[in-house]
Structure formats: structure tokens, C-alpha cells
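Protein chains in written order, with my numbering: chain A, 7 to 379; chain B, 4 to 116.
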Amino acid sequence: MAEHSILIVEDDRTVRELLKHRLGKHYNVATATNGQDALDHVESSIPDLIISDIMMPKMDGFALQSALQSDKNTRVIPFIFLTARADEPARKQGERTGVDDYITKPFDMDQLLSRVERLLERVEVFQSNLDAEIGRDFSNRLLPDRLPDVNGYRFDFHAEAHAQGGGDLFDWVETDQGTYFLTIGDVMGKGLRAKFYAYSFLSYVRGTLHTLLKESTSPAAVMQSINEMLLSDEVLEDTFASFLLLHWNPHTHTVTYANAGHCRPVLVTPDGPEIAEHSDLILGLEEDTSFSDVTLDLAPGGALFAYTDGLTEQPGRNGNMLGEAAMRDLAAEAQDRDQPIEAIRTGTLDRSAEDDFQDDILILWMQRSPNTD
Amino acid sequence: MSFDVETLTSDTAIVHVGEALDFRNADEFKETFQDYVEDDIQNFILDFSETEVLDSTGLGSIFSLYREISPQDGQVAFADVSRPVQVVVQLTRTYKVFRQYPSVEAAKEALTS
């Protein structure tokens, strides 16, 4: 956990140094000698908590607190007043909003410390609950609420979010020709920031896919446009993503894909599982990257298994990441199972040193039924 | 943990990446190279000899470095790439962008001569 920062505003040097010394053992402490000095400090760096005296030269504690209240960026900083007995009537007279605590001088240091700790804890719990809630909301928006339903095929999908997860995304669209365009991606980075970029990014891809697909159903051509967008858009600058675009034609039983640095899918053939080898550079790095299409045939009973790096990077028993070879074995095991995705999930955890996944995971399994021609 | 950086010439530096470059220290890596980029360093040799962990956030921070220096024809070279780093580089096909050298010495020679 990052060290919290506390700003102490106090004109009495002895009290100021005492507070700095005691709080400095647990927190990152800055000091100011009056309200104006404190405001200057807050302008350059917002502390996690302010402890302020009331009676001070230049600008007193009340004026400081009012000034902080008038700005939405500083209004939320937890605020503790140190009051002298003589200030009691003034304090009672004006019940001030936005003051979290009053501590009367001479104060008991342990009591002050415990109040500071409680206050910071409360802020932290609130913040992490909020982050978790926004994260879940983004995660839900990054995944579809229904799946393609095609005769002669089973189409399974599973995603689960991890608190420390990143920006996995999946989306699909049916074309006018009754074929399907699938998008799987992973926006680099972890936590809320990655999820936010993944969300912005997917919104763009969803928005343009419709137009792009009128011109071409080539995943490589679409990939090219996405890469150019990523490199020219200022908001998405510094965003990198691995992408797997699949054009699935259930009539010809083919899947044409372009892969921009994404985990390579596994094709299950009558001869066993094989890695779909071809892939190109990850998105967002080079302007003139070229991408190519590769077409795979789905034999009766054959399947395609695509996933994100939460699976391959899961630590194995020997401490190394499971890697691609394990994915090939998992596909072979899942092929004849009623619930292939569940087989992959449990198969991964069986091979792992951990009881649970350490990252977001996303699994897509599409299989042609054995009895179609 | 901070990164150990050696300046070789007026435009080239070596960054000893150390044991891990991941979501925990990627921001620090960015701050580190930023200071050197401001001092006109445009070629970076990344020494991966001791690196056991390179996750996607860490790799992303290297991409940011590349994006920053590539308009000035700068280079990011990977030296003495460890096995875990090799896996990530293969997967993302980034060996197409980052030249790899068997050792820091070989990278030094290639970039400074």
C-alpha cells in the first residue's frame, strides 16, 4: 500500500515539529505555517489528509477550510481541526460542513493517531469499493450478453474478471451474408486504466466494424484500420493491444483470421490439436505494420479454441507459466467433453500451483458438430 | 526498486532491467527513461540478463519508450534476453521491432560504432 500523505498546518513551531515527528513514522508528512502556505502546497500536490490549527497569522484555519470547500478537487480531502479550548465557542457557533473531526488541544497523541488512521482507512475502503464497482461495470460492457446461435455448431464462451485484471475484450457481429466477425483482444496494462482503454477502444471498433465490413470481410484489412486509428488517436496514445480478428463462415466451415500479437488459437483437427501459427505485430506500435489473413478449415467435430494470456500466464506447478503447449493439451482434453470450457478451466487449475486464476481469463470454444457435411 | 542506468555516449544508454518489469514498476521505468530522453538519449540497450518477469504492463512501458524515440530514429535494443522475456517477445511478434543481441557487449558495439 502506498504511503499516505498528510499536510500539517500549524503556526506554533513546537506543535508542528511534534506532529511531524510522530506522524512521520507512519505517513509522508508535509507542513505549512498558515492557511495561505497550505493552499500553495495543496495546489502543487493534493494530500490525503489535512490537520489544521485554527488561529494562525495571514490566513486562519477557517478561511483555509472555506477555500478548500469552494473547489471540487479539494473539497473531499479529509480535514481535522486542532482547536484550543478558547476556540470552542466559535466552533460550536458555526457548525462547519466538510470538517471530519475536531481535536482539542492539548491533545493526546495516541488518540490523534488512531483518528487519523481511521479516517484514512475509511477513505481507502470507499475508494477501493468504487474501483471494484467501476471495474465490474467496464468488464460487463466489454463482453456480449448473447452469443451466435448457428445450426451444426456449438459456440461457448466464458470470461471471468480478476480484481488485478486488465482489459480483455470480446465482441461479435453477424454480417449480411450470414457469416460472423469475432473480435478478441487484450489491452495492455492492469486495473481500471486498462479496462477504461479497452472500453474506449472496443467502442471504436464496434462503431467502425459495421462500415468496414461493407468494404471487406478481410480481418487483415480491418486490423490495419484499427492499428492506424490507434496510432493517430491522441486519447489512445500509449495504448497497446493484442487483437485476434476471426471471420467465421459456417457455410464453408472456414475461419479466416488475422492475429496482431495475440495468444495463438488452437485448431482441433482430426489429427489432433495444432497451434494456428501465423501472427503479426501487436497493435499500436508501428504505423506501417502489415497484417495477413490465414484460413483454417473446420472438419466435422473439429474445434477452434481462443483465449487470452490469463490462461497461458497462469503459474504452473514448477513456477513457470503454463504457456502455449498446455493450451494444446487442454484443447485435446476438451474436445469430447460435454462442457469443453469447464474442462479447460479445471484442466488449467489442475496444472497450476495456484487454486485460482491470477488474472482475467477469457475462453472461446467453437466446435463443428461431428455429423455435418 | 529503481533502475540501474549507464550512459554510454551522448545518445546511448544501457538500462539494466533487473529481475522484473511488470505492473508494479512499469510507471517507474517510464519515469526513468523519460529523464534520459529529455537529455537527448535516443538509443536504449535493455539488459534482460536477470529478468524473470516481463508482463504485458511491463512490455507496454517498453513500447511507450519506443514510441517516444522512434520518430528521432532512436532504437531500443534487447540484450542477453532471458527465456521468460523471449516468450513474450515471440508471442507479441515484437522481435520485428526490437533488435536482439546475444550480450550487452554486442549491443554496445552495434549501437555505438
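Even glycine gets a Cβ: it sits at the ideal position worked out from N, Cα and C.
Excluding the 5 residues preceding and the 5 following A:D151 in the sequence, name in chain order all residues of the same chain whose CB lies nearer than 8 Å to its CB.
Hits under 8 Å: none found.
Alpha carbon to alpha carbon, what distance is there between A:S222 and A:L215?
Rounded to the nearest angstrom, the two C-alpha atoms are 10 Å apart.
DSSP three-state call for A:G325: helix, strand or coil?
Looking at A:G325 - three-state DSSP - the assignment turns out to be coil, as it is neither helix nor strand.
Would you call the CB atoms of A:R121 and A:I83 closer than 8 Å?
Not closer than 8 Å, so no.
Alpha carbon to alpha carbon, how far is A:A36 from A:M7? Give it in angstroms, no decimals.
Below a pLDDT of 50, predicted positions are generally treated as unreliable, and A:M7, at 44, falls in that range; the measurement from the model is reported next regardless. Approximately 19 Å between the Cα atoms of the pair.
How many angstroms separate the CA atom of A:L188 from the CA atom of A:K220?
Computed Cα separation, rounded: 15 Å.
Between A:G267 and chain B, is any beta-carbon pair separated by less than 8 Å?
Yes - at least one Cβ of chain B is within 8 Å of the one on A:G267.
When you compare the CB of B:R102 with every CB in chain A, is at least one pair closer than 8 Å?
Not one chain A Cβ lies under 8 Å of B:R102.
Mapping DSSP to helix, strand and coil, what is A:H253?
Note: A:H253 maps to strand in three-state DSSP.
Hey, how far is the Cα of B:F101 from the Cα of B:H19?
If I take the Cα positions, the gap works out to 16 Å.
May I ask you to report which of helix, strand or coil DSSP gives B:V56?
Three-state DSSP puts B:V56 in a strand.
How would you list, in chain order, the residues of chain A whose beta-carbon sits under 7 Å from the beta-carbon of B:F47?
The contacting residues do not exist; B:F47 stays about 15 Å from chain A at best.
Rounded to the nearest angstrom, what separates B:I48 and B:D7 at their Cα positions?
B:I48 and B:D7: Cα-Cα distance of roughly 12 Å.
Output yes or no for whether 8 Å exceeds the beta carbon distance between A:R374 and A:G307.
Contact: yes.
Across which residues does DSSP place A:Q364 in a beta bridge pair?
The partner list for A:Q364 (beta bridge, DSSP) is empty, contrary to what the question assumes.
Using a Cβ cut-off of 8 Å (strictly closer), state whether A:E234 contacts chain B.
No, A:E234 lies away from the interface with chain B (no Cβ there is under 8 Å from its Cβ).
Name the chain A residues whose beta carbon is nearer than 8 Å to that of B:F32?
Within chain A, no residue comes near B:F32; the closest Cβ sits about 13 Å away, beyond 8 Å.
Do the stretch 105-122 of chain A and the stretch 17-35 of chain A meet, that is, are 3 or more Cβ pairs less than 8 Å apart?
At 8 Å Cβ cutoff, the stretches touch.
Among the candidates A:N324, A:Q341, A:I369, whose CA atom is the shortest distance from the CA of A:R357?
For A:R357, the nearest C-alpha among the options comes from A:N324.
Here's the rule: buried if 16 or more other CB atoms are within 10 angstroms of the residue's CB, otherwise exposed. What is A:P346?
Buried: at least 16 other Cβ atoms inside 10 Å.
In chain order, what residues of the same chain lie with their CB nearer than 6 Å to the CB of A:E127, ignoring the 5 residues before and after it?
For A:E127, where only same-chain residues beyond five positions count, there are no Cβ hits under 6 Å.
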